[in-house]
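Engineer: Got a structure here, written out as structure tokens. Questions coming.
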Amino acid sequence: MPKAASRQQRSRARRNYTLWIIGGSIMAVVVVGALIFLNTNLWPRLSRSIPTTGRVWGQAHAPATIEVFSDFQCPVCARADAVLHRLAPQYIDTGKAKVIYRHFAFIGPESNWAAQAAECAGEQQRFWDYAQYLFTHQGGENVGAFAVNNLKRFAGQIGLETTAFNACLDSNRHAAIVQQDKQEGRGRGVEATPTFFINGQRIVGLLSPDQLATFIERQPSP
Amino acid sequence: MAARLAIIMIAAAIGLMISLYLLSVHWGWWQIVCLDLGDCEVVNMSSYAELLGIPVALLGAFTYVSLLVTAMLSWRQFYEDLASLVQFFLAAVGVAFSAYLTYIEIFVLRAICPWCVLSALLITLIAGLSMRQLRAMETDKA
Numbered sequence: 002m003p004k005a006a007s008r009q010q011r012s013r014a015r016r017n018y019t020l021w022i023i024g025g026s027i028m029a030v031v032v033v034g035a036l037i038f039l040n041t042n043l044w045p046r047l048s049r050s051i052p053t054t055g056r057v058w059g060q061a062h063a064p065a066t067i068e069v070f071s072d073f074q075c076p077v078c079a080r081a082d083a084v085l086h087r088l089a090p091q092y093i094d095t096g097k098a099k100v101i102y103r104h105f106a107f108i109g110p111e112s113n114w115a116a117q118a119a120e121c122a123g124e125q126q127r128f129w130d131y132a133q134y135l136f137t138h139q140g141g142e143n144v145g146a147f148a149v150n151n152l153k154r155f156a157g158q159i160g161l162e163t164t165a166f167n168a169c170l171d172s173n174r175h176a177a178i179v180q181q182d183k184q185e186g187r188g189r190g191v192e193a194t195p196t197f198f199i200n201g202q203r204i205v206g207l208l209s210p211d212q213l214a215t216f217i218e219r220q221p222s223p
Numbered sequence: 042m043a044a045r046l047a048i049i050m051i052a053a054a055i056g057l058m059i060s061l062y063l064l065s066v067h068w069g070w071w072q073i074v075c076l077d078l079g080d081c082e083v084v085n086m087s088s089y090a091e092l093l094g095i096p097v098a099l100l101g102a103f104t105y106v107s108l109l110v111t112a113m114l115s116w117r118q119f120y121e122d123l124a125s126l127v128q129f130f131l132a133a134v135g136v137a138f139s140a141y142l143t144y145i146e147i148f149v150l151r152a153i154c155p156w157c158v159l160s161a162l163l164i165t166l167i168a169g170l171s172m173r174q175l176r177a178m179e180t181d182k183a
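Read top to bottom, the protein sequences are chains A and B. Residue 223 is where the first sequence ends in the working numbering, and the numbering goes up by one at each step. Residue 183 is where the second sequence ends in the working numbering, and the numbering goes up by one at each step.
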């Protein structure tokens, strides 16, 4: 093959290769950019829905919806639970507000186990009783207070059916819900506990009974 | 040529295993093993771990499987021109998305998952080798 012709062919081949590389790279960046844009702007609007996970305290038609992202090992969350119980007679039992518990188990593995345990109590319609028991029996973070054998003992203390409860906890079947709640929390900007969403408005940290009552009263009545 | 394809296939296989592991963690099958190297849970359970509702780890698994397929096609010299082009494009998309996720880890989540970093390195290696493969393929024609 004559040298001149092969050199020409070689430089043409190298030019094609460069075009493919550049073109392919640009297209890759465009595709990825478009997907990220769609994911950030379009997806949250499409997937927003009334939470069907989590545990509801109060009547479904209550106009004020209080979602609380919480960790059972978190001391401030225990105080938030006490505040909710303080307001219950006036606002929750009367159908003015409902509370939806969302798991944000981030402090350690015991948070995760406690969350699953509460869900197991929920299978026996006693979620909030068990939650209150956990909050009033905290013993420090990640020190064994909510080890699995303790969680099982608690169930007995509040009169749950222990065989079913233990089987539920051992089966790990609520692990997914606990993870999903936390994931959704992070997606909605939750970084610490407790984080409240009162009819969608995010409030971070403990609320006093008066503050929470004001928020509830401000919600439009049906 | 064969050595390059072999490395691509090995890297893709490792990437696939990592993706499947991260996917199973994302679905809550077990807790992640992080070896105290970062904060894997924050990263894998963040809102950034899904793209349009699809777990990123699943997308990664698909990408690595596709790269294995294209590499094998090239190796067998079956539609190797097309396979090499597709391979490069897929790897380029992988690099672009990995770069975005790494940026998110460092500057938004402020938490690093070493498994994700490893996957990013693997896909970058595959992209580089795919680029060289395209070059070799083109000049072979001359």
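Beta carbons: idealized from backbone N, C-alpha and C, even for Gly. Quick caveat, the model's predicted, so the values are computed rather than measured.
1) Does the beta-carbon of Asn143(A) have 16 or more other beta-carbons within 10 angstroms, so that it is buried, or is it exposed?
2) Run through DSSP, which three-state label would Trp68(B) get?
3) Can we say the stretch 70-82 of chain B touches the stretch 144-163 of chain B, given the rule of at least three CB pairs closer than 8 Å?
4) Looking at C-alpha atoms only, which residue of Val127(B), Met178(B), Asn85(B) is the closest neighbour of Arg187(A)?
5) Counting only C-beta atoms, is Tyr18(A) closer than 9 Å to chain D at any point?
6) Please classify Gly56(B) as buried or exposed, where buried requires at least 16 other C-beta atoms within 10 Å of its C-beta.
7) For Met172(B), is the classification buried or exposed, using 16 other Cβ atoms within 10 angstroms of its Cβ as the cut-off for buried?
8) Since Arg176(B) meets chain A, which of its residues come closer than 7 Å, beta carbon to beta carbon?
9) Nearest to Val31(A) by alpha carbon, out of Ile145(B), Val158(B), Gly135(B)?
10) From what residue to what residue does the alpha helix (DSSP H) around Phe166(A) run?
11) If contact is defined by three or more beta carbon pairs under 8 Å, each pair taking one atom from either stretch, is the stretch 120-133 of chain B in contact with the stretch 92-100 of chain B?
12) Tell me which residue opens and which closes the alpha helix (DSSP H) that Ser226(B) is part of.
13) Mind the definition here: the stretch 194-209 of chain A touches the stretch 64-79 of chain A only if three or more C-beta pairs lie below 8 Å; say whether that holds.
14) Helix, strand or coil for Thr54(A), going by three-state DSSP, please let me know.
15) Expressed to the nearest angstrom, what Euclidean distance is found between the alpha-carbon atoms of Val57(A) and Asp211(A)?
16) Identify, in the order they occur along the chain, each residue of the same chain with its Cβ nearer than 7 Å to the Cβ of Lys183(A), setting aside the five sequence neighbours on each side.
17) Alpha carbons only, please: which of Ser112(A), Glu124(A), Tyr18(A), Ala146(A) is nearest the one belonging to Leu161(A)?
18) Mind checking if Val106(B) is an interface residue toward chain A, Cβ cutoff 9 Å exclusive?
19) So, under 8 Å CB-CB, Leu152(A) and Trp114(A) are touching, yes? Tell me the CB distance rounded to an integer number of Å.
20) In terms of DSSP beta bridges, what is Leu131(B) paired with?
21) Measuring straight from C-alpha to C-alpha, what distance separates Glu185(A) and Thr41(A)?
22) Taking the beta carbon of Ser50(A) as the centre, do at least 16 other beta carbons fall within 10 Å, making it buried, or is it exposed?
23) So for Phe73(A), helix, strand or coil by DSSP?
24) For Val134(B), which residues in chain A fall below 7 Å Cβ to Cβ?
25) Going by the CB atoms, is the gap between Ile51(B) and Gln174(B) shorter than 9 Å?
26) Can you tell me where the beta strand (DSSP E) holding Arg203(A) begins and where it ends?
27) Nearest to Leu64(B) by alpha carbon, out of Glu91(B), Cys75(B), Ala54(B), Leu46(B)?
28) Helix, strand or coil, according to DSSP, for Lys99(A) in the structure here?
29) Would you mind giving the Cβ-Cβ distance between Phe138(B) and Val33(A), rounded to the nearest angstrom? I have them listed as a contact below 8 Å.
30) Taking the beta strand (DSSP E) that Thr1(A) belongs to, which residues open and close that run?
31) With 8 Å as the C-beta to C-beta threshold (strictly closer), list the residues of the stretch 116-144 of chain B near chain A in chain order.
32) Using a C-beta cutoff of 9 Å, does Ser26(A) count as contacting chain B?
Structural biologist: In brief:
1) Along the first sequence, one-based indexing puts residue 143(A) at 142. Asn143(A) should be labelled exposed.
2) Position 27 of the second sequence, counted from the first residue, corresponds to residue 68(B). If DSSP states are grouped into helix, strand and coil, Trp68(B) belongs with coil.
3) yes
4) Position 186 of the first sequence, counted from the start, is the residue given in the question as residue 187(A). Comparing Cα positions, the closest option is Asn85(B).
5) Absent from the structure: chain D. Protein chains present are A and B.
6) Counted from its first residue, the second sequence places residue 56(B) at position 15. With 16 or more other Cβ atoms within 10 Å, it is buried.
7) As a position in the second sequence, residue 172(B) is number 131, starting the count at 1. Buried, because 16 or more other Cβ atoms sit within 10 Å of the Cβ of Met172(B).
8) Here residue 176(B) corresponds to residue number 135 of the second sequence, with the count starting at 1. Chain A residues near Arg176(B): Tyr18.
9) Here residue 31(A) refers to the residue found at position 30 when the first sequence is read from its first residue. Per the Cα distances, Gly135(B).
10) Locating residue 166(A) in the first sequence gives position 165, where the first residue counts as 1. Segment 163-172, the alpha helix (DSSP H) holding Phe166(A).
11) no
12) Lying outside 42 to 183, the shown extent of chain B, residue 226(B) is not represented and no answer is given.
13) yes
14) In the first sequence, the residue the question calls residue 54(A) occupies position 53. Annotation note: pLDDT 44 at Thr54(A) (below 50); position unreliable, coordinate value reported separately. DSSP places Thr54(A) in coil when its eight states are reduced to three.
15) Residue 57(A) sits at position 56 when you count from the first residue of the first sequence. Residue 211(A) sits at position 210 when you count from the first residue of the first sequence. Looking at the two C-alpha atoms, the distance is approximately 22 Å.
16) Looking up residue 183(A) in the first sequence gives position 182. If we look at Lys183(A) and ignore the five residues flanking it on each side, its Cβ neighbours are His104, Phe105, Ala106, Phe107.
17) Counted from its first residue, the first sequence places residue 161(A) at position 160. The candidate whose alpha carbon is nearest that of Leu161(A) is Glu124(A).
18) Numbered from 1 along the second sequence, position 65 holds the residue referred to as residue 106(B). False, the Cβ-Cβ gap to chain A never drops below 9 Å.
19) By one-based count along the first sequence, residue 152(A) stands at place 151. By one-based count along the first sequence, residue 114(A) stands at place 113. Indeed they touch by this definition, with Cβ atoms about 6 Å apart.
20) Position 90 of the second sequence, counted from the start, is the residue given in the question as residue 131(B). Note: Leu131(B) sits in no beta bridge, so no partner.
21) As a position in the first sequence, residue 185(A) is number 184, starting the count at 1. As a position in the first sequence, residue 41(A) is number 40, starting the count at 1. So the alpha carbons of these two residues sit roughly 14 Å apart.
22) Walking along the first sequence from the start, residue 50(A) turns up at place 49. In this prediction, Ser50(A) has a pLDDT of 40, which is less than 50 and means its spatial position is unreliable; what the coordinates show is noted afterwards. That one is exposed.
23) Here residue 73(A) is taken as the residue at index 72 of the first sequence, counted from 1. DSSP places Phe73(A) in coil when its eight states are reduced to three.
24) Position 93 of the second sequence, counted from the start, is the residue given in the question as residue 134(B). Within 7 Å Cβ-Cβ: Ala29, Val32, Val33.
25) Here residue 174(B) corresponds to residue number 133 of the second sequence, with the count starting at 1. Here residue 51(B) corresponds to residue number 10 of the second sequence, with the count starting at 1. Not a contact, by the Cβ cut-off of 9 Å.
26) On the first sequence, position 202 is the one that residue 203(A) refers to. Segment 202-205, the beta strand (DSSP E) holding Arg203(A).
27) Within the second sequence, residue 64(B) is the residue found at index 23, counting from 1. For Leu64(B), the nearest C-alpha among the options comes from Glu91(B).
28) Here the question's residue 99(A) lines up with position 98 in the first sequence. Looking at Lys99(A) - three-state DSSP - the assignment turns out to be strand.
29) On the second sequence, position 97 is the one that residue 138(B) refers to. On the first sequence, position 32 is the one that residue 33(A) refers to. Their Cβ separation, rounded to whole angstroms, is 5 Å, which keeps Phe138(B) and Val33(A) in contact under 8 Å.
30) Residue coverage of chain A in this structure runs from 2 to 223, which leaves residue 1(A) outside it and unanswerable.
31) Leu126, Phe129, Phe130, Ala133, Val134, Val136, Ala137, Phe138, Tyr141
32) Counting from 1 along the first sequence, the entry for residue 26(A) is found at position 25. Chain B contact via Cβ: present.
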